[in-house]
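Residue numbers (the numbering used here): 110 to 718.
Positions of the beta carbon are idealized from the N, C-alpha and C atoms, including for glycine.
One structure below.
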């Protein structure tokens, strides 16, 4: 069975006969489920079971619940979600090219994918393809509700099968897709039937094009393709080969310009010195080339020097129109050559990992109005300023109108205000008890960072003994912080205080030369301070992935426990390094909210009280 295909268009159709879905950049895939083990098959008929074992394993885990609904056939997409509206195609494609079972298993554990279902074709042996789309959607939603599977996409959810949500308001969904840099939107007629191997006008796709300026460098007369390049570190690097999108007159203009000003080389290939810029529409930049490029227009007045890596990065990641941004060229971290625009780009890329720890928490930021330059000026800000835009959410608590940073627009607005540090309490506005325990490991200086490593490993041994799941991150300064996730509204600060004090007391008693609970710095000597008193209502901790106000642009970086050893150096985790790190490995805190330590922590408290 070959899938029903989408027809590309430039305008989103409007009207009550349409509904709208997010278009994800992944592998189109049909899920056939008759026996215990389902079959994942690509649009080209390739069997994908061995390539995406995490999806198959999840299906086997829910088989008992699904059995009553078999045979079952779903239409959907295999994706690697970076937020609720974007899939990283390079991750999915990279997996699809793997052949080694061992490599696939490692990759599946590091970058687990989801199967996002958007249609149901067979249900309890009954063919559904002749029903209207809205009816099929209702059957799919009822099925997922019965199976207790998500009925809308959530990148944080560990359920490997999810159903896609839809909207009847295209503008609202389109804005979310653009803000989150998604691939596009799909419009489907509510009355459409599912017709395999057909490119239907009832299913339309509208791409979220990004527009990149490039320098024209070559023309291959044999196939009518042009090459474009940008400057990276003052070196011209080719990033695109294109032929689509040119009108006949535009094509003739380009060819005439190159033949008049260029040089004919080997074969039919013409080269031209950097002199003319053109604008290319694309959906992304992958590896070394723009994806799905097409000519969009001439840029006669653009200087070739403006076609560079930095400008391309911003053109590929446009900032939300809703937020007003100022002085993008302002130096913020001169020691690492980082401007405000660089910082905003970091916040865009890190928002997926950072926002879950900011959401619904009374935020305290530290703003550095002049950046980390010369004499550093900073101030704490809890109260939302009067000049805040209307989309900023707030919460009034004891005469302070706190900012709630619940979305990427709010995060970027705060970034534009040069809020460089984000500090959050241990509970949300929806809870009155802590949602995690945090131990702050504070060595006397960066030179004694090894003490933080020792304390963390010894804490980990205690937690392992209690069978408690713990997480660790650098503080972005000279220390580290250890987290134990807790369920909402279950354990009080008094409960966590008993546990914190026990752990800290135990370490000080066992290793009195290394660790101390002395509050006065002058009395600590060269010992690491274990601060259990700080874990109280109203107190705050630096959020995961928040920058710190130091000259090196260091980040409070989540770590894997395997990294906590003698070679660990906190100065390795500055902004550029963390961005590169997350391209190569998964977020160590990705399962934080799934490891909530209910039963085991209750047993521990019984032992201590």
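The C-beta separation of residue 402 from residue 391 comes to about 5 Å, placing the pair in contact by the 8 Å criterion.
Setting aside the 5 residues that flank it on each side, residue 340 is surrounded in the same chain by 417, each with a C-beta closer than 6 Å to its C-beta; the list follows chain order.
Nearest C-alpha to residue 541 among 549, 506, 558: 506. The beta carbons of residue 182 and residue 128 sit no closer together than 9 Å. Across the set 354, 516, 327, 363, the C-alpha of 327 shows the shortest separation from the C-alpha of residue 372.
In the DSSP assignment, residue 349 forms a beta bridge with 337. In the structure shown, the three-state DSSP call for residue 370 is helix.
Looking at 650, 580, 572, 660, the one whose alpha-carbon comes closest to that of residue 709 is 572. It is roughly 6 Å from the alpha-carbon of residue 227 to the alpha-carbon of residue 272. Residue nearest to residue 535 within the set 528, 529, 543 is 543 (criterion: CA-CA distance). Distance from the Cα of residue 566 is smallest, within the candidate group 113, 592, 334, for 592. For the set 637, 291, 479, the Cα lying nearest the Cα of residue 617 is the one of 637. Separation of the CB atoms of residue 437 and residue 482 is rounded to 16 Å, and the pair is thereby denied contact status at 8 Å. Residue environment analysis places residue 353 among the exposed positions, since fewer than 16 neighbouring C-beta atoms fall within 10 angstroms of its C-beta. In the structure shown, residue 520 falls within a helical segment according to DSSP collapsed to helix, strand and coil. By the 16-neighbour rule on beta-carbons within 10 angstroms, residue 320 is exposed. The Cβ neighbour count for residue 409, taken over all protein chains shown within 10 Å, is under 16; the residue is labelled exposed.
Approximately 6 Å separates the beta-carbon atoms of residue 623 and residue 563; this is inside 8 Å, confirming the contact.
Taking 9 Å as the cut-off, the Cβ atoms of residue 285 and residue 193 count as close. Residue 239 is a Cβ neighbour of residue 302, given a cutoff of 9 Å. With at least 16 other beta carbons inside 10 angstroms of its own, residue 609 counts as buried. Secondary structure at residue 485: coil, using DSSP grouped into helix, strand and coil. Fully enclosed beta strand (DSSP E) runs of no fewer than 3 residues occupy 440-442, 473-476 of the region 404-476, in order along the chain.
Annotation for residue 304: no beta strand (DSSP E) segment contains it, and DSSP assigns it neither H nor E. Nearest neighbour of residue 472 by Cα position, chosen from 210, 439, 447, 520, turns out to be 520.
With a cut-off of 8 Å on Cβ pairs, the region 659-668 is in contact with the region 580-588, counting three or more such pairs. As the crow flies, the alpha-carbon of residue 684 is around 12 Å from that of residue 448. Residue pairing by DSSP places residue 589 opposite 550, 583 in a beta bridge. For residue 129, the enclosing beta strand (DSSP E) starts and ends at 127-132. Taking the C-beta atoms as reference points, residue 164 is found no nearer than 9 Å to residue 229.
Secondary structure of residue 680 (DSSP, three-state): helix. Residue state for residue 495 is assigned as coil, using DSSP reduced to three classes. Counting along the chain, residue 398 sits inside the beta strand (DSSP E) bounded by residues 398-400. If the five residues before and after residue 555 are omitted, its C-beta is found closer than 6 Å to the C-beta atoms of 587, all from its own chain and listed in chain order. Under the 8 Å Cβ criterion, the region 187-205 counts as touching the region 253-265, having at least three qualifying pairs.
Non-local beta-carbon contacts of residue 510 in its own chain, meaning distances under 7 Å to residues more than five positions away in sequence, involve 492, 493, 503 in chain order.
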